[in-house]
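Numbered according to my numbering, the sequence shown spans residues 287 to 656.
Working notes for the structure below.
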Amino acid sequence: MIETIFKVLAIIGISALAFQYLYMLYFFTGFPKKAAVKSKYHLPKISVVVCARNELENLQKFLPHWLSQSYPHFQVVVVNDRSWDDSEDYLDEMAQRYANLKVVNLRDADNFWIGKKFALTIGIKAAEHPHLILTDADCMPSSNQWLRQIAVGFESAEIVLGYGGYEHKGQVGSLVVYETISSALHWLSWAARKKTYMGVGRNLAYQKELFLNDKGFSTHMHIPSGDDDLFIGSVAKKNNVALRILPEAFTWSLPPLTFKKWFSQRSRHLTTSKLYKPLPKFLLAGWSTSALLLYLFIPLFIFQWKVWPVLGIFFFCRWLIYWIFLFVAGVRLKQWKPIFLLPFFEPFLIVSQSIMHLKNAKSKRSNQRW
Numbered sequence: 287m288i289e290t291i292f293k294v295l296a297i298i299g300i301s302a303l304a305f306q307y308l309y310m311l312y313f314f315t316g317f318p319k320k321a322a323v324k325s326k327y328h329l330p331k332i333s334v335v336v337c338a339r340n341e342l343e344n345l346q347k348f349l350p351h352w353l354s355q356s357y358p359h360f361q362v363v364v365v366n367d368r369s370w371d372d373s374e375d376y377l378d379e380m381a382q383r384y385a386n387l388k389v390v391n392l393r394d395a396d397n398f399w400i401g402k403k404f405a406l407t408i409g410i411k412a413a414e415h416p417h418l419i420l421t422d423a424d425c426m427p428s429s430n431q432w433l434r435q436i437a438v439g440f441e442s443a444e445i446v447l448g449y450g451g452y453e454h455k456g457q458v459g460s461l462v463v464y465e466t467i468s469s470a471l472h473w474l475s476w477a478a479r480k481k482t483y484m485g486v487g488r489n490l491a492y493q494k495e496l497f498l499n500d501k502g503f504s505t506h507m508h509i510p511s512g513d514d515d516l517f518i519g520s521v522a523k524k525n526n527v528a529l530r531i532l533p534e535a536f537t538w539s540l541p542p543l544t545f546k547k548w549f550s551q552r553s554r555h556l557t558t559s560k561l562y563k564p565l566p567k568f569l570l571a572g573w574s575t576s577a578l579l580l581y582l583f584i585p586l587f588i589f590q591w592k593v594w595p596v597l598g599i600f601f602f603c604r605w606l607i608y609w610i611f612l613f614v615a616g617v618r619l620k621q622w623k624p625i626f627l628l629p630f631f632e633p634f635l636i637v638s639q640s641i642m643h644l645k646n647a648k649s650k651r652s653n654q655r656w
């Protein structure tokens, strides 16, 4: 009986390891290299769209950086969504100083839907130019070349994906940075293999016509997240996506300041995964599940070392190879130090996300706050 149980467990362990190795071999080996910095190319007219709700402090800090980009023809559209701080006064003042700043103020009576997607839809429709770059109110462009280097992607594609990172600060800073790099290793590798399933709303660009033709967020307006991953997953094709992964084109944000805020934010973002297309939904779930199984098998690797030496060796080799891929991604994304905490963060995130999925499955509320 015990021998049969061990055989079944061995089969499960071998299957999980095989899945992990094949996934890494196909996807992670395609992680994009640094994009070229081009100085001569056609510069389309761009509208930068930002939604803000009670973001006065962030607007004061970051709006001047968006408006001072080294770019010939662009506007910044800020949608002030029902704020009760002094955002409207500040934006009106800035609009008097900058002719390329367009402010849209939403009132409670204006909102047929509550949430960021409605505000973002209004901002996109108000944009004057056919090419859009989206970012968040708490994002800082890494340089005054950010707009220029993202826009070059429109030369060859309808969608341009950039990287939005988090600063290494606060109580959970290391965890958030690690998770962001881990996530980027997946979605950027998929995009490089021409199987794009998401982008990040902190640094994302696409053509306005693409948004309007696909009817925007209409199919998932009731989901609090998804203005980036669900929309991009629905419109991305094999040859209409460009990657602009270079330091001049990054954006940076402050991470959630506490574990509670991180857990709440991450739980909300995970509500979108059930609406992914079948292939990414299946393979991403397979990656997490197989990794969880391998960590659950660690006691067997230790206490049954004489029985399972080969399986144990392959598990630790998997861990080492994954660490190398994460480290390379961290170096290219200019944040590699938290990668050394992989032995602690990976199992913690696997368990945490499992709890989040269970929490979301039990919750019947659709929280549209943002």
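The beta-carbon is built from N, C-alpha and C at its ideal position, and this holds for glycine as well.
Counted within 10 angstroms of its Cβ, other Cβ atoms place residue i as buried (16 or more) or exposed
{"i": "E441", "result": "exposed"}
{"i": "S301", "result": "exposed"}
{"i": "A647", "result": "exposed"}
{"i": "F568", "result": "exposed"}
{"i": "V637", "result": "exposed"}
{"i": "I410", "result": "buried"}
{"i": "S356", "result": "exposed"}
{"i": "K293", "result": "exposed"}
{"i": "S652", "result": "Because the pLDDT at S652 is just 49, under 50, the model does not fix this residue reliably, and the value given afterwards should be weighed accordingly. Exposed: under 16 other Cβ atoms inside 10 Å."}
{"i": "N489", "result": "buried"}
{"i": "W476", "result": "buried"}
{"i": "L387", "result": "buried"}
{"i": "P595", "result": "exposed"}
{"i": "T290", "result": "exposed"}
{"i": "I641", "result": "exposed"}
{"i": "P564", "result": "exposed"}
{"i": "D378", "result": "exposed"}
{"i": "I625", "result": "buried"}
{"i": "E343", "result": "exposed"}
Check whether residue i and residue j have beta carbons under 8 Å apart
{"i": "D367", "j": "R339", "result": "yes"}
{"i": "V323", "j": "Q435", "result": "yes"}
{"i": "L303", "j": "F601", "result": "yes"}
{"i": "V362", "j": "L353", "result": "yes"}
{"i": "I531", "j": "K320", "result": "yes"}
{"i": "L474", "j": "P318", "result": "yes"}
{"i": "L516", "j": "T558", "result": "yes"}
{"i": "G519", "j": "Y562", "result": "yes"}
{"i": "M310", "j": "F613", "result": "no"}
{"i": "H351", "j": "L329", "result": "no"}
{"i": "K480", "j": "K524", "result": "yes"}
{"i": "C425", "j": "F348", "result": "yes"}
{"i": "K403", "j": "M484", "result": "no"}
{"i": "T544", "j": "V458", "result": "yes"}
{"i": "G448", "j": "F536", "result": "yes"}
{"i": "L597", "j": "G299", "result": "yes"}
{"i": "Q346", "j": "Y384", "result": "no"}
{"i": "K331", "j": "A413", "result": "no"}
{"i": "V521", "j": "A491", "result": "no"}
{"i": "S511", "j": "R554", "result": "yes"}
Start and end residues, beta strand (DSSP E) containing residue i
{"i": "Y452", "result": "G450 to Y452"}
{"i": "S574", "result": "Note, S574: premise wrong, no beta strand (DSSP E); alpha helix (DSSP H) at P564 to L582."}
{"i": "I445", "result": "I445 to L447"}
{"i": "Q493", "result": "L490 to Q493"}
{"i": "I419", "result": "H417 to D422"}
{"i": "V527", "result": "V527 to L529"}
{"i": "V365", "result": "F360 to D367"}
{"i": "K388", "result": "L387 to L392"}
Span of the alpha helix (DSSP H) around residue i
{"i": "F631", "result": "L628 to K648"}
{"i": "T537", "result": "Looking at the DSSP string, T537 is not in any alpha helix (DSSP H); the run it does join, the beta strand (DSSP E), is T537 to S539."}
{"i": "D426", "result": "Note that residue 426 is Met in the sequence shown here, rather than Asp. Segment C425 to P427 is the beta strand (DSSP E) holding M426; no alpha helix (DSSP H) there."}
{"i": "L338", "result": "It should be noted that the sequence gives Ala, not Leu, for residue 338. Run containing A338: none in the alpha helix (DSSP H); it sits in the beta strand (DSSP E), I332 to A338."}
{"i": "K347", "result": "L342 to L353"}
{"i": "W432", "result": "W432 to A437"}
{"i": "A477", "result": "G459 to A478"}
{"i": "V486", "result": "Counting along the chain, V486 falls outside any alpha helix (DSSP H), and DSSP gives it neither H nor E."}
{"i": "A381", "result": "S373 to R383"}
{"i": "W548", "result": "F545 to H555"}
{"i": "L329", "result": "Taken as a continuous stretch (DSSP letters only), L329 belongs to no alpha helix (DSSP H), as it is neither H nor E."}
{"i": "F404", "result": "K402 to A412"}
{"i": "I518", "result": "D515 to V521"}
Cβ separation of residue i and residue j, assumed to be a contact under 8 Å, to the nearest whole Å
{"i": "L471", "j": "F631", "result": "About 13 Å separates the two Cβ atoms, so there is no contact after all."}
{"i": "A423", "j": "V336", "result": "6 Å"}
{"i": "W622", "j": "G616", "result": "3 Å"}
{"i": "I408", "j": "V390", "result": "6 Å"}
{"i": "L496", "j": "E444", "result": "5 Å"}
{"i": "H415", "j": "L556", "result": "Contact flag wrong, Cβ pair sits at about 33 Å."}
{"i": "L392", "j": "A405", "result": "6 Å"}
{"i": "G316", "j": "A577", "result": "Actually they are not in contact, since the Cβ atoms of G316 and A577 sit about 20 Å apart, beyond 8 Å."}
Closer than 7 Å: residue i CB and nearest the ligand SAH heavy atom
{"i": "L329", "result": "With respect to the ligand SAH, the structure offers nothing, as it holds no ligand at all."}
message: Three Cβ pairs or more, each shorter than 8 Å: is that satisfied between the region 460 to 473 and the region 415 to 424?
response: no
query: Quick one: any contact between the region 533 to 546 and the region 448 to 455, if contact means 3 or more CB pairs under 8 Å?
result: yes
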